[in-house]
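Enquirer:
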């Protein structure tokens, strides 16, 4: 991760010079661009709409399940016992996995248009924050899952984390939608 | 009808929609999608037998958020439509998308009134019938198709006016 950041930051400088027509693209950009994945997405007229459809499906699965858990913790649909709802979480990870894979395809298709895009960078940062927030929930307040039966009210801290989760995921969607416009 | 749509398409309102407001409306449409379809997926999966420990009736309050997502998307969708109404009406993909949404909504309404709204929220688990499970599977298929059709619309409808991905 650290290496990647250094590479990315280094690449920004290279691109800045590139605008002035001085040097070639950063090797990392060239590497991603020249992967078979990138070549396939650029060559196929169906690849991009197909990948985008999968990306939206993954998003819906991920945010639908995480959002349902968050809403329950916030006190909405309090009759829902959290343990069985939480057992749907592997499907949310399936959604996330689909989106990481399709996301890599998007980036390889035109690396420079993503890696130097401020909306893309904010989106990646927000996903990282959403992950840490979920980890905080799981390790900090959601230790005894079976105890969260029907009608049980969550602690204030659990509610704050869940409210943050919803807001962060909405921000992720927003940043994602702005990638094409920045 | 045609002249009304043409007037909309050529209005400064449609121009404003296609410029600065466009990414904002798209964002609302995407968040609405996550709420509407995401929570319906959770309900459909439970009807199909996943997360069995949850009483089906305990999920009924999620339907309020589902309808919120629906109205967010009906409104944002109408605004997107106004950018280029003639092209949308002419698009087979658009007709498919609306049909999938219509069937998906009817199923949501049927499952809500025949299953989720029946009995006490805290009542022990009642098992959905085979017919209800079939409807839940059809619901997932409809919403997946609606999403795919919606994605394709960005290419068939907006590609030549330079909007979209």
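Protein chains in written order, with this note's numbering: chain R, 14 to 195; chain Y, 708 to 872.
Cβ atoms here follow ideal geometry from the backbone N, Cα and C, with glycine treated the same way.
Note that this is a predicted model, so its numbers are computed, not measured.
Alpha carbon to alpha carbon, how far is residue 122 of chain R from residue 162 of chain R?
Expert: Cα to Cα, the separation comes out at about 47 Å.
Enquirer: Comparing alpha-carbon positions, which option in R:154, R:178, R:173, R:128 lies nearest residue 144 of chain R?
Expert: Among R:154, R:178, R:173, R:128, the Cα nearest to that of residue 144 of chain R is on R:178.
Enquirer: Our contact map puts residue 821 of chain Y next to residue 864 of chain Y with C-beta atoms below 8 Å; I'd like the distance itself, whole angstroms only.
Expert: That pair is no contact at about 36 Å.
Enquirer: With distances taken between CB atoms, is the gap from residue 182 of chain R to residue 79 of chain R smaller than 9 Å?
Expert: Yes.
Enquirer: So with Cβ pairs under 9 Å, would you call residue 74 of chain R a contact of chain Y?
Expert: It does: the Cβ of residue 74 of chain R has a partner Cβ on chain Y nearer than 9 Å.
Enquirer: If residue 755 of chain Y and residue 773 of chain Y are in contact, beta carbons under 8 Å, what's the gap, nearest whole angstrom?
Expert: Incorrect: roughly 17 Å between the Cβ atoms, too far for contact.
Enquirer: Would you give the residue range spanned by the alpha helix (DSSP H) that residue 39 of chain R belongs to?
Expert: Counting along the chain, residue 39 of chain R falls outside any alpha helix (DSSP H), and DSSP gives it neither H nor E.
Enquirer: What residue range does the alpha helix (DSSP H) around residue 60 of chain R cover?
Expert: Per DSSP, residue 60 of chain R belongs to the alpha helix (DSSP H) from 60-86.
Enquirer: Less than 9 Å between the C-beta atoms of residue 101 of chain R and residue 766 of chain Y, yes or no?
Expert: Contact flag unset, no.
Enquirer: Return the residues of the region 59-84 of chain R that lie within a Cβ-Cβ distance of less than 7 Å from chain Y, sorted by chain order.
Expert: Correct list: 62, 65, 66, 69, 70, 72, 73, 74, 76, 77, 78, 80, 81, 84.
Enquirer: Using DSSP with H/G/I as helix, E/B as strand and the rest coil, what is residue 853 of chain Y?
Expert: Helix.
Enquirer: Round the Cβ separation of residue 91 of chain R and residue 164 of chain R to the nearest angstrom and send it over; I've been treating them as touching at under 8 Å.
Expert: About 6 Å; that satisfies the 8 Å criterion.
Enquirer: Within the chosen definition, does the region 103-123 of chain R reach the region 35-53 of chain R through at least 3 CB pairs nearer than 8 Å?
Expert: Yes, since at least three Cβ pairs between the region 103-123 of chain R and the region 35-53 of chain R fall closer than 8 Å, the two stretches touch.
Enquirer: Could you check how far apart the C-beta atoms of residue 111 of chain R and residue 71 of chain R are, in whole angstroms? I think they sit under 8 Å.
Expert: Right, the Cβ-Cβ distance comes to about 3 Å (below 8 Å), so this counts as a contact.
Enquirer: Tell me the rounded alpha-carbon separation between residue 770 of chain Y and residue 819 of chain Y.
Expert: So the alpha carbons of these two residues sit roughly 8 Å apart.
Enquirer: Quick check: the Cα distance between residue 234 of chain R and residue 75 of chain R, rounded to an integer number of angstroms?
Expert: Nothing about residue 234 of chain R can be reported from this structure: the residues present for chain R run from 14 to 195 only.
Enquirer: Any idea what DSSP makes of residue 716 of chain Y, helix, strand or coil?
Expert: Looking at residue 716 of chain Y - three-state DSSP - the assignment turns out to be helix.
Enquirer: Tell me which residue opens and which closes the alpha helix (DSSP H) that residue 49 of chain R is part of.
Expert: Its alpha helix (DSSP H) spans residues 49-56.
Enquirer: Pull up the distance between the alpha-carbon of residue 839 of chain Y and that of residue 830 of chain Y, whole angstroms please.
Expert: Each residue's Cα considered, the two are about 19 Å apart.
Enquirer: Figure out for me which residue from R:195, R:172, R:158, R:41 has the closest Cα to the Cα of residue 135 of chain R.
Expert: Measuring from the Cα of residue 135 of chain R, the nearest candidate turns out to be R:195.
Enquirer: Taking Cβ positions only, does residue 53 of chain R come closer than 9 Å to chain Y?
Expert: Output row for residue 53 of chain R: interface = no.
Enquirer: Output the distance between the C-alpha atoms of residue 153 of chain R and residue 82 of chain R, rounded to the nearest integer angstrom.
Expert: When rounded, the distance between both Cα atoms is 16 Å.
Enquirer: Whole angstroms is fine: what's the gap from residue 758 of chain Y's alpha carbon to residue 98 of chain R's?
Expert: About 6 Å.
Enquirer: CA-CA distance, residue 190 of chain R and residue 734 of chain Y?
Expert: Looking at the two C-alpha atoms, the distance is approximately 6 Å.
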